[in-house]
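Visitor: Mapped onto my numbering, the consecutive letters of the sequence shown carry residue numbers 117 to 262.
Just so it is clear, CB atoms sit at the ideal spot from N, CA and C, and this is done for glycine as well.
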Amino acid sequence: MVHAVTCPLAVTLAEVDRLKLDTGRAVTGQQLIRAIALGVDVACHLGVASTAGLKFFRPGTCGAFGATAALAVLRGFDSDRLVSAFGIVHAQLCGTMQAHTEGSPLLGMQMGFNARNAMLACDLAERGVPGAAGRIGRPVWVFYVI
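#1: Assuming contact is defined by CB atoms lying nearer than 8 Å, are residue 176 and residue 120 in contact in what I supplied?
#2: Tell me whether residue 212 sits in a helix, a strand or coil according to DSSP, three-state version.
#3: Does DSSP put residue 172 in a helix, in a strand, or in coil?
#4: Judging by CA-CA distance, which residue of 170, 158, 219, 172 is the nearest neighbour of residue 184?
#5: Look at the Cβ atom of residue 247, then the Cβ atom of residue 207, and state whether they are nearer than 8 Å.
#6: Pop quiz: residue 205 and residue 229 are said to be a contact at Cβ under 8 Å. What is the actual Cβ separation, rounded to whole angstroms?
#7: Could you tell me if residue 141 is buried or exposed, where buried requires 16 or more neighbouring beta carbons within 10 angstroms of its beta carbon?
#8: To which residues of the same chain is residue 231 closer than 6 Å at the C-beta, ignoring the five residues directly before and after it?
#9: Is the beta carbon of residue 249 less than 8 Å from the beta carbon of residue 203?
#10: Within 10 Å of its beta-carbon, does residue 195 have 16 or more other beta-carbons around it, so buried, or fewer, so exposed?
#11: Under a Cβ-count criterion, where at least 16 other Cβ atoms within 10 Å of its own Cβ denotes burial, should residue 200 be classed as buried or exposed?
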């Protein structure tokens, strides 16, 4: 289970507010739905493709990539900037299974942490900070932790 909507929805709604307040740019309903749909699609595909035993809480880790993709759509990232943002969010992934095992409130907070990390990843990529550019599925990349 991935709970694929949580992170992408949270960041897209925050981004819509930020864009309106900071730049005066309004996001259309169509743009919002497209960004959320793509973010959910990315999170779902990563969750379904993950075959390793659970080492990290997938709703948070997969959601971080979905949220990053959703923000990239709203910000108009090209593929190079998106790859950087994915690399940066990968470096910030959080969500151990310990909170799940203990029933800790941190379980849900891990999704919030990853949503915040997606926003930071996109902010940094937008300013030219390069992320790790390895391909998903290679050793030390995302499938080995989600």
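Guide: Taking the coordinates as given:
#1: Working through the sequence shown from its first residue, we reach residue 176 at position 60. Working through the sequence shown from its first residue, we reach residue 120 at position 4. Taking 8 Å as the Cβ cut-off, residue 176 and residue 120 do not qualify as a contacting pair.
#2: In the sequence shown, counting from the first residue as 1, residue 212 sits at position 96. Of the three classes helix, strand and coil, the one that applies to residue 212 here is strand, per DSSP.
#3: As a working mapping, residue 172 is identified with position 56 in the sequence shown. It is a strand residue.
#4: Indexing the sequence shown from 1 puts residue 184 at position 68. The shortest Cα separation from residue 184 among 170, 158, 219, 172 belongs to 158.
#5: The residue given as residue 247 occupies position 131 in the sequence shown. The residue given as residue 207 occupies position 91 in the sequence shown. It is a contact, given that the beta carbons lie within the stated cut-off.
#6: Within the sequence shown, residue 205 is the residue found at index 89, counting from 1. Within the sequence shown, residue 229 is the residue found at index 113, counting from 1. Not really, about 11 Å apart at Cβ, beyond 8 Å.
#7: Translated into positions along the sequence shown, residue 141 becomes position 25. Label assigned to residue 141: exposed.
#8: To locate residue 231, count along the sequence shown from 1; it is residue 115. 123, 126, 127, 183, listed in sequence order.
#9: The count along the sequence shown starts at 1 and reaches residue 249 at position 133. The count along the sequence shown starts at 1 and reaches residue 203 at position 87. Yes, the Cβ-Cβ distance between residue 249 and residue 203 is below 8 Å.
#10: Your numbering for residue 195 matches position 79 in the sequence shown. So residue 195 ends up on the exposed side.
#11: Here residue 200 refers to the residue found at position 84 when the sequence shown is read from its first residue. Burial is judged here by how many other beta carbons sit within 10 angstroms of a residue's own beta carbon; residue 200 has at least 16 and is buried.
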